[in-house]
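A quick write-up on the structure given underneath.
In my numbering, the protein residues as written are 31 to 204.
Following this line, the structure appears as structure tokens:
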């Protein structure tokens, strides 16, 4: 394998790992020799350092990791503030499933199906941009109706809503 391919492989591993990878891990995963691994890592570190970009490769925790450039910390903090991260709670997933399968759906309809208040979970799902307010229902009080977003499709790796499993697929006996 050519040196440029070795560099690309290690770069991809560091990107996907999200955590530090030791040289031993890299060698085990790639089958590269000590010299090949060392040369590729040195080249990668230098490339990222010399570009002055938003991503760097640093040696830490007895390994190498792809990290953001500290000069970008202010903007990264803004992003973190604007987007909640982490996993969705069971309540949020239940509510999201109802919105996905029954959309457009009102808060009252969700609460009737779940038998609990949906205020907090709807707020979280709206903040995460997994659902949106899709208008108002033509009913007394004109309640808001909710539907899923493109972000919902991305989050679950779907092309469109027809890719959702059917309700019959959930009740199939095997």
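Cβ coordinates follow ideal geometry from the N, Cα and C atoms, glycine included. Note that the structure is a prediction, hence the values are computed from the model and not measured.
Spanning the alpha carbons of residue 76 and residue 86 requires a straight line of approximately 9 Å. Only residues of its own chain outside the window of five on either side were considered, and among them 167, 173, 174 and 175 have a CB closer than 7 Å to the CB of residue 136, listed in chain order. Nearest in C-alpha terms to residue 162, of all of 94, 153 and 108, is 153.
Remark: C-beta atoms of residue 148 and residue 125 approach each other more closely than 7 Å.
Looking from the CA of residue 130, the closest CA among 107, 199, 193 and 38 belongs to 193. A straight-line Cα-Cα distance of about 11 Å links residue 82 and residue 100. When rounded, the separation of the alpha-carbon atoms in residue 46 and residue 38 is 12 Å.
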